[in-house]
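Colleague: One structure is given below, represented as structure tokens, and several questions about it will come after.
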Amino acid sequence: MFVHFARPRRISTRILLVDSTDRKIVAILQSEGRITLTDLADKVQLSVSRCQRRVRDLESAGIIRGYRAVIDAAALGYGFEVLLFATLSRPDAVTEFDAALAEIPEVIEAQRLFGEPDYLIRVVSADLPSYQRLYESVLIHLPGVRGLNSTIVMKQAVDPRPLPGRPPREVHPVGPRSSARSIQS
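Residue numbers (the numbering used here): 19 to 203.
The following block contains the structure:
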């Protein structure tokens, strides 16, 4: 009797082993996004080429998703901020609702939530009258909306800040990766 064992297929998912050096790179870039690669390499004690490869790998893996300037919205005329809670009337409206939200420039952030409400939406405008116009002409007409509740932001108590230190685990599953520091399963 001849038994043939098929070779297992390779799965294209890779797991990036995020080590302490990667964490240092991420921590530095969160607080010093404009740091030069040379200065970053010095701070994490790597050669410039090894540091560049790690940064590129972190970007490719989606751990570093982009670089942004932190803007004072009030200085640009957006001194009024609202946290808008939205509840949808039906679960099948999510995709359409998400797409409609993405088209509203004053919506600067939105999270889908478990339970009710369904969404927390951050909206900026010049002042209360301009927010009221946006609310009445656009927001209440979003697809699938059953209810909206606006809460006016009094002040920012904690400015956006870097993520806290090390989470409980070291392995972070990510997309395709070409580094020798990745494991393919």
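Built from N, CA and C at the ideal position, the CB exists for glycine as well. Values in this document were obtained by computation on a predicted structure and should not be read as measured data.
Since F115 and P161 should fall inside the 8 Å C-beta cutoff, what is the C-beta to C-beta distance between them, to a whole number of angstroms?
Modeller: As a position in the sequence shown, residue 115 is number 97, starting the count at 1. As a position in the sequence shown, residue 161 is number 143, starting the count at 1. That pair is a contact at about 5 Å.
Colleague: Can you find the residues in the same chain that come closer than 7 Å, C-beta to C-beta, to S171, ignoring five residues on each side of it along the sequence?
Modeller: Counting from one through the sequence shown, the residue named residue 171 turns up at place 153. First, the residue type needs correcting, since residue 171 is Val and not Ser in the sequence shown. Excluding residues within five positions, the ones whose Cβ falls inside 7 Å are E99, V100, L101.
Colleague: Can you find at least 3 beta carbon pairs, one from the region 69 to 76 and one from the region 139 to 149, that sit closer than 8 Å?
Modeller: no
Colleague: In whole angstroms, what is the alpha-carbon distance linking G97 and L157?
Modeller: Within the sequence shown, numbered from 1, the residue matching residue 97 stands at position 79. Within the sequence shown, numbered from 1, the residue matching residue 157 stands at position 139. Separation of G97 and L157 (C-alpha to C-alpha, rounded to the nearest whole angstrom) is 19 Å.
Colleague: If you run the structure through DSSP and keep just helix, strand and coil, what is F132?
Modeller: Reading the sequence shown from its first residue, position 114 is the one you call residue 132. Coil, per DSSP.
Colleague: Around the C-beta of S155, are 16 or more other C-beta atoms found within 10 angstroms, so that it is buried, or is it exposed?
Modeller: Within the sequence shown, residue 155 is the residue found at index 137, counting from 1. Result: exposed.
Colleague: Can you tell me the Cα-Cα spacing of V88 and I53, whole angstroms?
Modeller: As a working mapping, residue 88 is identified with position 70 in the sequence shown. As a working mapping, residue 53 is identified with position 35 in the sequence shown. When rounded, the distance between both Cα atoms is 15 Å.
Colleague: Which residues in the same chain have their Cβ closer than 6 Å to the Cβ of F23, if we skip the five residues on either side of it in sequence?
Modeller: Here the question's residue 23 lines up with position 5 in the sequence shown. Model confidence at F23 stands at a pLDDT of 38, short of 50, so the residue's coordinates are unreliable; what they give is reported in the following sentence. Listed in chain order, the non-local C-beta contacts of F23 below 6 Å within the same chain number zero, local neighbours out to five positions each way being set aside.
Colleague: For I170, list the residues DSSP reports as bridge partners.
Modeller: The residue given as residue 170 occupies position 152 in the sequence shown. In the DSSP output, where bridge partners are listed per residue, I170 has V100.
Colleague: In the DSSP assignment, find the unbroken alpha helix (DSSP H) run with Y149 in it and report its ends.
Modeller: Your numbering for residue 149 matches position 131 in the sequence shown. Per DSSP, Y149 belongs to the alpha helix (DSSP H) from 146 to 155.
Colleague: Between S49, Q63, S107, which has its C-alpha nearest R86's C-alpha?
Modeller: Here residue 86 corresponds to residue number 68 of the sequence shown, with the count starting at 1. With distances taken between Cα atoms, R86 lies closest to S49.
Colleague: Kindly indicate which three-state DSSP category R25 falls into: helix, strand or coil?
Modeller: What you label residue 25 is simply residue 7 of the sequence shown in a count that begins at 1. Low confidence applies to R25: its pLDDT is 39, below 50, so where it sits in the model is not reliable enough to give any reading.
Colleague: Secondary structure at I126, three-state DSSP: helix, strand or coil?
Modeller: Counting from 1 along the sequence shown, the entry for residue 126 is found at position 108. The answer is strand: DSSP assigns I126 an E or B state.
Colleague: Can you find the residues in the same chain that come closer than 8 Å, C-beta to C-beta, to V73, ignoring five residues on each side of it along the sequence?
Modeller: Within the sequence shown, the letter at position 55 stands for residue 73. Hits under 8 Å: I43, L47, L55, L58, I82.
Colleague: Go to V141, then tell me how far its beta strand (DSSP E) extends in each direction, as first and last residue.
Modeller: As a first step, residue 141 must be located in the sequence shown, where it is residue number 123. Run containing V141: 137 to 143, per the beta strand (DSSP E) assignment.
Colleague: Within the same chain, show all residues whose beta-carbon is closer than 6 Å to that of L119, passing over the 5 residues directly before and after it, in chain order.
Modeller: The residue given as residue 119 occupies position 101 in the sequence shown. V125, A128, listed in sequence order.
Colleague: Skipping 5 residues on each side, what residues in its chain have a beta carbon closer than 6 Å to that of Q174?
Modeller: Position 156 of the sequence shown, counting from 1, holds the residue named residue 174. Cβ neighbours of Q174 beyond the five flanking positions: none.
Colleague: Starting from A120, trace the alpha helix (DSSP H) in both directions and tell me its first and last residue.
Modeller: If you number the sequence shown from 1, residue 120 lands on position 102. First-last of the alpha helix (DSSP H) with A120: 112 to 120.
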